[in-house]
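Undergrad: Before we start, here is the structure in question, set down as structure tokens.
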Amino acid sequence: MKLPAIQFYPGDWHKDQGVQALDLAQRGAWFELLLMMHDSDERGVLLVNGQPMPDAVIARRLGLDNQTANQILTTLLTYGVASRRESDGALFCRRMVKDENLRRIRTEAGKKGGNPNLLNQKPKQKATTRVKQIPTPSFSSSITTSVIEREAAEAAPPTPATEKKVEKPAGKRPKGGVPPTLAEVQEYAAAQHPTSADAQTEAATFHDHYESNGWRVSGKTLMVDWRASFRNWMRRRPQFQATAAARTGTGPPAPARARTAPKSTDPARWS
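Number 31 in numbering that gives the first Met the number 0 belongs to position 32 of the sequence shown; there are no gaps in the numbering.
Below is the structure:
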């Protein structure tokens, strides 16, 4: 597939000493020859049907007589603007041939992963790239990127990154790794409060309360030390009993709020 456009750099054109040595007609003829080389079967080489384009055909394509066309071609070759291939004598542009070779290498490199080391490989050197490499974009120095080159660069899309699941650390369980049994709580209660008649009842209440909510403190955080929680439970037992008595009306009534004296209505009182 032919490239749809030619990349042209005015700065390079103006800095080329050979091109600037040409007159306006010769420069125009050379530019027309560049366009013909771009459309040639072998980009950068002036061919017609796979064979070197004869000088008479070049003159006819340029719209010039044979003598004028031959003079222009001689000037182009003398100033080093154009070159002739030794193998068949075909007229070619060194810059365009070099850029076309570079474009082909980058296209092949893009299919294999875009390793820039391929540009420096020798013909018999083993490939250094892997098929599964992420392709990298390439840029042509003077020839525009073709549709084939873009498709080659997009042929191997990057593998989507796998999202890592972050596992939340599990909360600590009560000491021993498992919740205590009722017998363990009652045994600990008897050891802590040997003279208390309510120790076993409180142990059962403590066990049932936390067993029902998964051994979580305030229903949120997993209990770390059930023995410390039981000791705290027993210390706060009087407070629990007073609260329960107040709710059921069996305890002492709450002290009545003292009434305050009514405010004075005398205007002089606030002057």
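For glycine and all other residues, C-beta sits at the position ideal for the given N, C-alpha and C.
Given a threshold of 16 other Cβ atoms within 10 Å of its Cβ, counted over all protein chains shown, does Q238 qualify as buried or as exposed?
TA: Locating residue 238 in the sequence shown gives position 239, where the first residue counts as 1. Per the 10 Å Cβ criterion, exposed.
Undergrad: Which residues bound the alpha helix (DSSP H) around I57?
TA: Looking up residue 57 in the sequence shown gives position 58. Its alpha helix (DSSP H) spans residues D54 to L61.
Undergrad: Which of the three DSSP states, helix, strand or coil, is assigned to R103?
TA: Counting from one through the sequence shown, the residue named residue 103 turns up at place 104. Helix.
Undergrad: Starting from L45, follow the alpha helix (DSSP H) in both directions and report where the run begins and ends.
TA: Position 46 of the sequence shown, counted from the first residue, corresponds to residue 45. First-last for L45: undefined, no H or E at that position.
Undergrad: Could you compute how far the alpha carbon of Y271 sits from the alpha carbon of S39?
TA: Not covered by the structure: residue 271. The range shown for the chain is 0 to 270.
Undergrad: Rounded to a whole number of angstroms, what is the C-alpha to C-alpha distance between S195 and M222?
TA: The residue you call residue 195 lines up with position 196 of the sequence shown. The residue you call residue 222 lines up with position 223 of the sequence shown. Going from the Cα of S195 to the Cα of M222 covers about 25 Å.
Undergrad: What would DSSP say about P51, mapped onto helix, strand or coil?
TA: As a first step, residue 51 is located in the sequence shown; it is residue number 52 there, counting from the start. P51: strand per DSSP, three-state reduction.
Undergrad: Within its chain, find whatever has a CB closer than 7 Å to the CB of W12; leave out the 5 residues flanking it on each side and keep chain order.
TA: Your numbering for residue 12 matches position 13 in the sequence shown. Around W12: V18.
Undergrad: Can the beta-carbon of E31 be found closer than 8 Å to that of L61?
TA: Counted from its first residue, the sequence shown places residue 31 at position 32. Counted from its first residue, the sequence shown places residue 61 at position 62. For the pair E31 and L61, the CB atoms are nearer than the 8 Å cut-off.
Undergrad: In chain order, what residues of the same chain lie with their CB nearer than 7 Å to the CB of V184, ignoring the 5 residues before and after it?
TA: One-based indexing of the sequence shown puts residue 184 at position 185. The answer, listed in chain order, is A202, F205, H206 and F229.
Undergrad: Compare the C-alpha of L90 against each of D22, K1 and I71 and name the closest.
TA: Residue mapping note: residue 90 aligns to position 91 of the sequence shown, counting from 1. It is I71.
Undergrad: Consult DSSP for Q16 and reduce its assignment to one of helix, strand or coil.
TA: What you label residue 16 is simply residue 17 of the sequence shown in a count that begins at 1. Q16: helix per DSSP, three-state reduction.
Undergrad: When DSSP labels each residue in this structure, what does V96 get in the three-state scheme?
TA: In the sequence shown, residue 96 corresponds to position 97, counting from 1. In this structure, V96 counts as helix in the three-state DSSP scheme.
Undergrad: In this structure, does DSSP put V184 in helix, strand or coil?
TA: By one-based count along the sequence shown, residue 184 stands at place 185. For V184, the three-state secondary structure derived from DSSP is helix.
Undergrad: Can you tell me which of G88, K97 and A4 puts its alpha carbon nearest to the alpha carbon of V53?
TA: Counted from its first residue, the sequence shown places residue 53 at position 54. For the sequence presented, residue 53 should be read as Pro rather than Val. Ranking G88, K97 and A4 by Cα distance to P53 puts G88 first.
Undergrad: To which residues does DSSP link F91 through a beta bridge?
TA: Looking up residue 91 in the sequence shown gives position 92. Answer is V44 and S82.
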